[in-house]
Structure formats: C-alpha cells, structure tokens
Amino acid sequence: MTTSRRGFLRLAGLGALAAGLPACSSVLPAPDTTAPGFGTSATGTVRVWCRAATQDGLTSLVDRFNASQDRLVVELTPIPDVQYVTKLATVIRARDVPDLVDIDDINSLLFVYRDAFTDLTDLIADLGYADRLSPGHLALATVEGRQYAVPYLADCSVLFCNTRLFERAGVDVDEATTDLDALRDAARRITALGGDVRGWTFPGNDQGTLGFVVQPHVWAADTDLLRGEVGAQRGNVVGNEAVARTLEFYRALWVDGLVPPDAFADDGSRWGADYQAGRIGMIPYNYSTVVLDSDPEIVADTAVRLLPGPDGGRAFFDGGDNMCIPRGAANASGAWEFVKFALDLPQQSALPEGGFTPVRSDVATPEFAARYPLVLPPLQAQDEGYAPQTLAYNEIYNQPDGPWLAMFRRAVFDGEIEAAMAEAQTGYDRILRQAQA
Amino acid sequence: MTVVAPASRTSSGRRETRTKRLLYAVGGTGAFLVFAVPLAWALFRSLQPGEVIVAAPDPAAFFDLTAENFTALVTGPGNLIRSVGNSLVVALSCAVLTTVLATAAGYGFARFRFRSGPVLFALVVASMMVPFQAILTPLYLQMNIMRLTDSLLGLVLFTTTLNLPFGVLVMRNAFSTIPGELEDSAHIDGAGTFRIVTSVLRPLITPGAATVALYAFLAAWTEFLGALTFLTDTDLYTLPVAMVNLQQETYGEINFGYIAAGSVIAMIPCVVLYVALQRFYVAGLASGAVKG
Amino acid sequence: MSAVTAERTSAPLASRPRTARRHSLTHPPRVGLLLVAPALAMIAVFVLAPLLFALGISFTNWPLIGEVEFTGFTNYVSIGSDLGFLRSVLYTLLYTAIVTLPILVLGYALAVLVRSRRRGATLLRTVFFLPFVVGLTTLSFVTLLEAQPNSGAINLVLAALGITDGSTAWLVDGPLATALISGMVIWGVSGLTMLLLMSGMQAIPREVYESADLDGASWWQQEWRITIPMLRRTIAMSLVISVIGSLLAFTQFYVLTKGGPGSATATVVLYIYKRAFVQLQLGAATALSVVLVVVVALVTAVQLWLVRGEE
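Chains as they are written, first to last, in the numbering used here: chain A, 30 to 466; chain B, 38 to 329; chain C, 115 to 425.
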C-alpha cells in the first residue's frame, strides 16, 4: 500500500509537470500594431518590468505617467539584474508575459533573435524623431532591418578630466585626448605632480567596468573584438592591431606607475573614490558615478571628453535600457502609449537628474546644455555610440572567469600581450560556439 | 565531566590539577578572544561610516562612531524594515511548520512499525544529500507552475523542506530514547495519539523540538539564494536579498557601510534566540547525537 | 552507540515478542503512516520531483526560448570533456581535504574545554557556538569587508604585527582566497562539532574515568583510549555532516569570490549554478547536478560503511 502511494505521488507530480510544459514550442502571437487607435486610446493596466539597477528612474517615470492621465495605470515590477534574463525567459515559456519590459540593452538581442519581441519599426518611424534616437541602442535590437525595441535611457562611457590637475601640469585637455599616445603623455605629466596624484585610474579586477571603458578605444578604430553576423560570430582578437595597441596603452599605464597601485585588485567596489578625492587626472566612467553625490567642487573642475582610439577617432559604450513589447502582451497599445510618454522631451530632459543620459539628441537645447554640461558630449556625438551585437556578451565580458578579464589582466599586469590575445581568441570562439549552437 | 583527582591523593595529582586549571584558563581565554573578538569587531565596524571602512586607517576618523549606516538602512529607499518583517514571518513559519512535521514524522518512524518504514526513512535522510542549488532551476520552473513563486508561502514551504530531513533525524532519535511504558500507560488511560504526544511526551521531546525549531529558524533567516530566485516583488524581499540589492549599485559598486550594518542586523535575532533557547538546544543535540 | 543504548533499555529479551504485539495495538501502523506522510509529501514535492524534473531536462537541450529538443545522453557524454567542471571537482575535493580535519580537531579541542563544569564553561560554550549561529552567509559578508587590502581588519592586524605591509588582496588570488575562506569556515563551523562531541563526552559515565585514574592512566592516555573510541559514532556523524557540507559548499564562495579569479575558486555547485544561470545551458547544468547528487550519495555511503566496518 505504501509503495503504491509513493508511486502515486510521483506520478501525480510528473503529471502536473507534464501538463505545465505546453509552452515548449511555439512563438507567442504578436500584437497588432497597425490597428487604428493603437497607442492612443488604450485603457486598463499596463504591466511593466524594469531592472533593479535603473529602477529609481522608472519609478518616478511611472508615477508621473499615472498622474498625467486616468485611462491607464502602470504597474511597475523591478527585477534583480542577476535574474532578469532567466525570469523573462520563464514567463515567455509560461505564456504570461508583461506588457512592456525595460531591459538592459545588451540583453535585447537574446530575445529579439528568438522572436520574443514585437516588431516596432513602423511605430518608431511614425514618431517623427526616429533619426534623433540613439543608433547604438537601436542596432542592438535590429534584425534584418526590422527594429524590435526602442531606446529609453543611455549610460555612456566617457572620459572625465580633472581640469585643475591639468592646469597644474600644464596640459591642454583637448590636445591630451586626441589619441592613445597623447593620453599616455598627459597621464605622465599629471603623475609627475607628485604625491598621491596619478594621471589615470582603472579597476583591474572588474570585468564589467573594464568592458565598459576599455573597449571604446578599439571601437574608435572602427573595429571590434567580435566579427560576423549574429548567430555565426567568431572572435576578432588575434591580429587586431587596435586591441594590441589598447592593451599596450594600459600596460604602459601600469608599468610606468601612472595609476594607483590599488588598480591591481580593485574589483569596482570602490570605483571612482579616488577621483572624488581629487587625486586622479583622468577617469573613464559614466555620468552617474562621477557626478551624482559628488563634491560639487570636483564636479565644477571636471570636463568631459570622448574616448579616443589609437590614432584618433572617438567612441563610447552605449549602455542603458531598451524598451520592448513582448509578443503575447495583453495591453500592447497601453504599453506603447507609455513608451511615447517616456520618450517625450520633458521626460528625457529629466534623465540626468537620475544620472542617466537621454537617448534623444534633440533634447540638447541651450538651457539643457547649461544645466547638464557634462552629459552633453555623448549626446552631441550620438553616432559614435556603439555596443556589440552578440548573443554572448554576458558570458564573454561580464564574468569574472570570462576571457575578457583574463586577457586584460594577463596583458596589462603580466605583460604577455600576444599570449593573452591568443588565449582570448580561443575563449571567445569557444563561448560563441556554445551560445550559437 | 571533570577528571579531578582528589587533591590530597598524591603530589603529582595536585600538580596535575593545577596544570589543568592553568591550561583551562589560558586555553579558555585564548579561544574566547578568538571567537568573540571578530563578532564584537563586526559590531564596531557597523558604526563606522562607509568611507572610513574602505580607507586606510586614519587615527582621526577611525573612532568617529556614527549610526548613519543604520539610519540609512532603516529610512532609506531600501525598505529594510519591511524585509526584516518578511524574514521574521518566513523564519518563524518555517520553524513552526518544520517542528510540527518533523515531530509527527519522528514519532511515526521511531515508534510505529510499518512495512515501508526503513525505506521511507532512508529516503528522508538521502534527501539531505541533494544540494538545492543543483535543482534550483527545475524547482523554480515547478514552483512557477504551482504559483508558489513570488510569494512568502512558497518560500516558507521551500525552507521547511530544506530543514525537514535534519529535523526528522533529531526527533526520531528523541522519541526512540523514551521508554515505551509511558505511552502504554497513557494509552490504557484512554489517550489518543495526539494527546499522547502533546501532553505525555512533551517534556521529554521539548529539547529535541527546540533544537529543530532553532535550527530551522536560523536556516530560514539566513537563506539567500532561494529567496533571490523565487521572489521578484521587492516588497517581499527577505533581509539577505534586500541587503545585497541595496549594496550593488551599477557595475558592482558596494557600499561597505551598508554591508556592515546589515550584517549586524542579520546577526541580532540569531544571537538573541540562541542565547534564550540554548538550554534546550544543547540538550536536544545531546539526545540527537548520542543515541544515534 | 547502539551498544550504549542496548544497555540502557530495560526490556529483557524474553518479553520482546509480547512487547511487539502490544506496540502494534497502541501504535497501529496506519497511524504511523499518517504521521509520516506530511513530511514525506513535502520532500517528495520539493526535493524528489524537481530532481526527477532535472533528470528529464538533462536529456534535452532546453534553450532559453524556443523548442525543447530531446538529445539523449549528449549532455552526460560531454561531461568528460568539460574541463571547467573537472577543475571544479578537483578544487572542491582539495577544499574539503583542507577543512575537514581542522574542523574536527578544533571542535574536539573546544569540546574538551567546555565539557567540564568549571566556572565560565557555559559562557565559553555560548561564545564558541555563536559564529555557527550567525551563519555562513552573514559571516561571508563580514569577511568580505575585512579582507579588503589596506583597510580591512585582517590586513591591519597583519601590518601591525609586521608580517606584511597590509596590502594583500586576499580575494583576488586563488591560494590566498582559499586559505582565507578555509580559515573562516573552520572558525565558523567547528562550534557545531564541538556541541556534538561535547554531548557525547558528557554521556560517558564517570566511573570509566575514575577506574582509569586508579590504574594511573594519564589524561592523554584516557583521551585516546577511552573518550575517542566511545565517541566513534558521534565523530563519524560530525565527519559526515562536515564532508557533505564541504562538498556542497556554495554561499561563501558566491559572496566572497564568485569563483574567481578566473575559476580558481569555483566549487562544483558554483560551477553548476553558473552553467544554469549565466550561460543559460539548462540541459548541461542538470546533467551535472544529477551526477553530483549521485557522487555525494556514494561518498556518504562509503563513509558510513567505513565506520560500521570498524565496529
């Protein structure tokens, strides 16, 4: 009797599970975005997911939207970044998707590539300012010419310069930031000021930040560490001169003592503290860390420049959020109305308050420029923004045991640049092969 | 158990006693410091502002104690009070549920002979060897289907199951040391099973039950990964998850002041409960351990 | 230990059959089953069912989104060539080897200290067990703080003692991180061993020691010849608990190093977690999980058999 009871329990459990696995197959139906009144006359609730890292901005946006009209109510659910992709994938399988997801733009491709999001191309074209939206963000959600997401906020990597230290060292900020050699020179002159002062700083054990601030040097030379179409990519490390020269630049910074010794072990947990203390000449990072909650004196003495390549050129990492409407959303029309609100000039102009950069370049009116001078440079050079289109960004660049960090550390701290690059090539290829299987 | 030779026996006996006493004093003090100092230090740390914690020690600022970490955690956007409440609800429910189920099962395994008994008991013990991290994703998918994700109830059921094997082990041992006559005479007096357990046997199994309850509470209180996976709504976050959430700003920056204060907050109920219940706890472990 | 119990029960051999029949009246099997059922149901639903589910998934490729394909034993076969996994197994075994004996020895030493009824023994017992009560999760967070170079307490103490200059980055170096984590675990977990052993020690009748005293045995001899052999079962149990815990170690590594630098400190469970949640390869990860469960079960069975064999 007992054996059969156990058996029964097990069968019942399996049965329940089997019944719950229906969504193994098909793609969810796409909402009809061409229906009349789409995005203007919806009612009811709009379920929106956002990621924990940017939730403050989203919360105030949602509050303002709900207060501005009474047809729609937006319910916001912040999801921890670590679990975001898994949870979204799970609800897609369970066919119970939110109406709008505000997702880390780097992760958009994972879902776009698998047909999980709605085609927004025509809706975006109808916006009227499509050409002033961040192309880097849009590219991350574009497959075969069709766009499946819309940018919402940007988090760009730029170079912050302590103008007071520059003055003391007799270096001109613009001249110093033309190419890698000029940067190195400026760093040397600033470090020569003595004491605790260093020309540069970087977190040598923080793969995410390094990916954010080091890669633009390579992109400014019009190349990337990956090549090929999404789904059939390979590493582009070995033989890539821009990569070699960028690594040489960082190696020199370390060997010549132009960065604080902490750089070796810094895992990013105290990133930016030394710049805030006024000891660093140049720090590549993002607006929110350097400017928000900072000593206003330091901020007043800060100038922003875009990161240069080995021989000139400019680039910056187009981080931030994309907004996407999952296929199978119940209230897609309401979601799109919310998106339009989020992209409206007043809302975009308010983004720097939360530490973010707008994604619309027409936000840069003279008043805006006067209020937020440090946010301007990437806005005015939106076309130089870029982020790699790939299915394996997280595994390659954001893991402590990923090939990106291993290559950086081996090249910069051990000085074995060529060997590091060869090792990275193998690592990149292996991961891409697994991810594209 | 004190091996104290009567002082008047031999001169070497007397010396031995004194040596032993000295060893005890020295060893005890040394070990006490090794164990107590780090915990006291953690308390001290939580009263230092975040910037001081991460800076090289500067005698001027080092002893400038402040409660700012705690106030930030309590009044800030982190909703820490709510997460403490959530943790309490989950930990208490888990403790109660685990104790009740483990007591029932322990009694059943110890005293009742049914054919599948040994097999079922082996199953319970074997499940201790399954690391829940290994089955986390299937479990998440399954709980999603059962609508138990993003709910404190689901978390309670999860943490209870984690602690059941150990609980059943302890309670079974507790019951098996009780002589059978007690139940027999109670039965003759007409008491049903429930009465037998709750009135007659209660005083004898209380140490074991207290052990199980305390163990389950501690485990549920510090449980991190399960809570992180199964909970989505920030209002439902338990303390460890809320702490990690607070600390990780973009790109891995950590506010160490918050970590220090959060750790102290996490420690307090554990220490308080343990000190209050340790009388039972120690006896409970004894009954569980010795009569294995 | 069952020998001790046998001496304690009062039922003489002759009356056993009668007792058994009486028990079946006061303890009907059906009621027993009823009592056991709820706990078993929970375990069946929340442990066994997911395990079976995992088994099922391990035979497929279960992608992030899209069709699930049956792939047979592919995932299991590729374990053999999964260098990352094999490396994590070696590391976990190394870590287990490092911490197991010290936990036992330290726990034993502490138990010796607190088993007496001298003054302060209760206080000592409380303090020694506190780290265990606080839990590995919280302890890891505290250690995260104090292992920082130049500002953490560990480095400050080392610098003050003149051993280093206080700039050691413990968590960025494989061997150093391993040493640090091992130290923390030994410190935080030995309290449990202490309590288990102490209870066992206190159950040994004083007469045994008193007669040994009469025979002139020294303290050390008594410990070796009397205490340890009588504690065999308890020692075995603490070893089993400690070894299983070490083989399945996760939280402290997740909090302190996330398996880094590279994968120098990745334990098996951490590796499986990454496979599932970062690389999103559920099929492979569940296959690894199934293998892990089997291995841990085997190791435990072997340990228990070894102990039984000695008796």
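Glycine included, C-beta positions come from ideal geometry on N, C-alpha and C.
In the DSSP output, what is A:E104 paired with across the bridge? A:R76
Within 9 Å of chain A by C-beta, residues of the stretch 363 to 396 of chain C in sequence order: T371, K372, G373, G374, P375, G376, S377, A378, A380, K388, A390, F391, V392, Q393, L394, Q395
How about A:R81 and A:P109: do their beta carbons lie closer than 7 Å? The sequence given here places Ala at residue 81 of chain A; Arg does not occur at that position. Cβ distance < 7 Å, so A:A81 and A:P109 count as in contact.
Inter-residue spacing [alpha-carbon to alpha-carbon] between C:L328 and B:W78: Distance between C:L328 and B:W78, taken at the CA atoms: about 47 Å.
Sorted by chain position, which residues of the same chain lie with C-beta nearer than 6 Å to A:C185's C-beta, five sequence neighbours on each side aside? F345, T386, P407
Kindly give me the distance between the Cβ atoms of A:T171 and A:T62, rounded to whole angstroms, as I take these residues to be in contact under 8 Å. Rounded, the Cβ-Cβ distance is 16 Å, inconsistent with contact.
Per DSSP, A:Q176 forms a beta bridge with which residues? A:T171
Where B:L265 meets chain A, residues with beta-carbon distance less than 9 Å: P109, V111, Q112
Residues from the stretch 56 to 81 of chain A in contact with chain C, defined by Cβ distance under 9 Å: V56
For my contact list, B:C307 and C:V145 are in at a C-beta cut-off of 8 Å; report their separation, rounded to the angstrom. Not confirmed; about 37 Å, so no contact.
Is the beta carbon of A:V75 less than 7 Å from the beta carbon of A:V103? yes
Residue range of the beta strand (DSSP E) that includes A:P337: 336 to 338
Would a C-beta distance cut-off of 7 Å place A:Y401 and A:P381 closer than the cut-off? yes
Alpha-carbon to alpha-carbon, B:R119 and B:F146: Linking B:F146 to B:R119 through their CA atoms gives a straight-line distance of about 40 Å.
Below 6 Å CB to CB, which residues in the same chain sit around C:T257 once its five sequence neighbours on both sides are set aside? Hits under 6 Å: M298.
Using C-beta distances below 7 Å, list every residue in its chain close to C:G397, excluding the 5 sequence neighbours before and after it, in chain order. Within its own chain, the residues whose Cβ lies closer than 7 Å to the Cβ of C:G397, once the five positions on either side in sequence are excluded, are I171, S172, T174, N175, W176, T185, N189, listed in chain order.
Specify, as a first and last residue, the run of the beta strand (DSSP E) that A:N191 falls within. Boundaries of the beta strand (DSSP E) harbouring A:N191: 187 to 191, taken from the DSSP string.
Supposed contact pair B:F203 and B:M165 - C-beta distance, whole angstroms, cut 8 Å: 7 Å
Same chain, Cβ closer than 8 Å to B:L173, neighbours up to 5 away in sequence not counted: L262, G263, T266
Nearest residue (CA-CA) to A:A59, options A:V288, A:S362, A:G297, A:D251: Comparing Cα positions, the closest option is A:S362.
Using a Cβ cut-off of 7 Å (strictly closer), state whether B:T269 contacts chain A. Chain A, which has a Cβ nearer than 7 Å to the Cβ of B:T269, makes this yes.
Got a sec: is the Cβ-Cβ distance from C:V357 to anything in chain B below 7 Å? no
With which residues is A:P290 paired in a DSSP beta bridge? Partner(s): none; A:P290 has no beta bridge.
Evaluate contact between the stretch 411 to 422 of chain C and the stretch 231 to 247 of chain C, counting only Cβ atoms and requiring at least three cross-stretch pairs below 8 Å. no
A:A344 bridges to which residues according to DSSP? A:L336
Between C:A225 and chain B, is the shortest Cβ-Cβ distance under 7 Å, so that the two count as touching? So no, C:A225 is outside the interface.
Quick check on the DSSP output: the beta strand (DSSP E) that includes A:W229 runs from which residue to which? 227 to 229
Using a C-beta cutoff of 7 Å, does B:L59 count as contacting chain C? no
B:V91 at chain A interface by Cβ criterion, 7 Å: yes
C:G146 touches chain B at which residues, Cβ-Cβ below 9 Å? Y144, G145, F146, R148, F149, R150, F151, G154
Same chain only: Cβ atoms within 6 Å of C:A378, ignoring 5 sequence neighbours per side: G288
Which residues DSSP lists as bridging A:T331, in chain order: Under DSSP, A:T331 forms a beta bridge with A:N191.
Since A:R263 sits in a beta bridge, which residues does DSSP pair it with? A:R256
Closer than 6 Å: C:P319 CB and nearest the ligand ZN heavy atom: The model depicted lacks the ligand ZN and carries no ligand whatsoever.
With a Cβ-Cβ cutoff of 7 Å, do A:A271 and A:V247 count as a contact? yes
Helix, strand or coil for B:G64, going by three-state DSSP, please let me know. B:G64 falls in the helix class under three-state DSSP.
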